[in-house]
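Colleague:
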Amino acid sequence: MIDSTPVVREATQDDVEQLAPLFVKSVDTSLPGVTFSSDPSYTLDKIVPHLRARLFPPKAHKTYVLELPTGELAGYGSVKPGGGPDGDGNEVDMFFVRADLGRRGYGGQHMRTIQAEWGERGLWLRVFKENSRAIGFYEKWGFGLVEGQEETLGLGLAEPREATACLMRWPRPAQ
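0 is the number of the first residue of the sequence shown in numbering that gives the first Met the number 0; add one for each residue after it.
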């Protein structure tokens, strides 16, 4: 019997060519009403070097990929320094799982791996306030919204546009 369970492993530079189109598709699901992929700033020739720089040291501590048994990459997420309101924590950055593979437990498998390795100090992340689906996912995995920690971010589009991001913390702060 062939195992059909994906594996979560550390990403390599060789994975970036497969991650770039996944990023472009995934980022379109990150903010309702915004189609990043139609913007000239989000073409593969621009995204590949961006990911090569952002997903590996020194900008990221480690990037994880979710690999299907076929060898196809179905998700990724990195842990980078500089998380939290004081910038002294670790932050989950660019966490995506292919939208067409939702509700199969793959996102949970991916998050569980990251939390197991980085749980000692906890983790931070930023998520667009309008992305209730992602906020619900992160809450399911124990992240809590941090009150008073919203920020306005530029979206890096050709026509300037901004959105509000919320800060979330895992584990939840003691009440």
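All C-beta atoms in this analysis are idealised placements derived from N, C-alpha and C, irrespective of residue type, glycine included. All figures in this text were calculated on a predicted structure; none of them were measured in a lab.
Would you kindly report the start and end of the unbroken beta strand (DSSP E) that includes Ser77?
Modeller: The residue you call residue 77 lines up with position 78 of the sequence shown. Unbroken beta strand (DSSP E) run through Ser77: Leu72 to Gly82.
Colleague: Which residue's Cα is closest to the Cα of Glu116: Glu161, Val126, Lys139 and Val91?
Modeller: Indexing the sequence shown from 1 puts residue 116 at position 117. For the residues Glu161, Val126, Lys139 and Val91, the minimum Cα distance to Glu116 belongs to Val91.
Colleague: Just to confirm my understanding: we take Gly88, look at its own chain, exclude 5 residues before and 5 after, and list those with CB closer than 6 Å. What are they?
Modeller: The count along the sequence shown starts at 1 and reaches residue 88 at position 89. So the qualifying residues of the chain are Gly82 and Trp123.
Colleague: What did DSSP end up calling Phe35 once you bin it into helix, strand or coil?
Modeller: One-based indexing of the sequence shown puts residue 35 at position 36. In this structure, Phe35 counts as helix in the three-state DSSP scheme.
Colleague: Could you give the first and the last residue of the continuous beta strand (DSSP E) run that contains Ile92?
Modeller: In the sequence shown, counting from the first residue as 1, residue 92 sits at position 93. A small correction: the amino acid at residue 92 is Asp; Ile does not occupy that position in the sequence shown. Gly88 to Val96 is the extent of the beta strand (DSSP E) around Asp92.
Colleague: Whose CA, out of Thr69, Tyr75, Glu71 and Ala52, lies closest to the CA of Thr199?
Modeller: Shown here, the chain extends from 0 to 174; a query on residue 199 therefore has no answer.
Colleague: Going by C-alpha to C-alpha distance, which of Gly32, Thr34 and Thr42 sits closest to Glu16?
Modeller: Translated into positions along the sequence shown, residue 16 becomes position 17. The shortest C-alpha separation from Glu16 is found at Thr42.
Colleague: Let's test the definition: count the other Cβ atoms within 10 Å of the Cβ of Met0 and tell me whether it reaches 16, buried, or not, exposed.
Modeller: By one-based count along the sequence shown, residue 0 stands at place 1. Because the pLDDT at Met0 is just 43, under 50, the model does not fix this residue reliably, and the value given afterwards should be weighed accordingly. The residue in question, Met0, is exposed, as its Cβ has fewer than 16 Cβ neighbours within 10 Å.
Colleague: Taking only the alpha-carbon atoms, compute the straight-line gap between Arg160 and Thr112 and give it to the nearest angstrom.
Modeller: Taking the sequence shown and counting its residues from 1, the one referred to as residue 160 is at position 161. Taking the sequence shown and counting its residues from 1, the one referred to as residue 112 is at position 113. Between Arg160 and Thr112, the C-alpha separation is close to 34 Å.
Colleague: In this structure, how does DSSP classify Thr69 when only helix, strand and coil are distinguished?
Modeller: For the purposes of this step, residue 69 is taken as the residue at position 70 of the sequence shown. In the structure shown, Thr69 sits in coil (DSSP, three-state: anything other than H, G, I, E or B).
Colleague: Considering only residues of the same chain and omitting the five flanking positions on each side of Phe35, which have a CB-CB separation below 6 Å?
Modeller: Here residue 35 refers to the residue found at position 36 when the sequence shown is read from its first residue. The answer, listed in chain order, is Val26, Asp27 and Tyr41.
Colleague: Quick check on the DSSP output: what are the complete beta strand (DSSP E) runs of length 3 or more inside the stretch 116-146, in order along the chain?
Modeller: 122-127
Colleague: Taking the alpha carbon of Val96 as the reference point, which residue from Pro48, Lys128 and Glu71 has its own alpha carbon closest?
Modeller: The residue you call residue 96 lines up with position 97 of the sequence shown. Measuring from the Cα of Val96, the nearest candidate turns out to be Glu71.
Colleague: Is the beta carbon of Leu50 less than 7 Å from the beta carbon of Ala19?
Modeller: Mapped onto the sequence shown, residue 50 falls at position 51. Mapped onto the sequence shown, residue 19 falls at position 20. It is a contact, given that the beta carbons lie within the stated cut-off.
Colleague: Please report the residue range of the alpha helix (DSSP H) in which Glu158 lies.
Modeller: Mapped onto the sequence shown, residue 158 falls at position 159. Unbroken run through Glu158: none, as it is neither H nor E.
Colleague: Starting from the Cα of Leu54, find the closest Cα among Met93, Thr69, Leu65 and Asp44 and give me that residue.
Modeller: Taking the first residue of the sequence shown as 1, we reach residue 54 at position 55. Nearest option by C-alpha distance: Met93.
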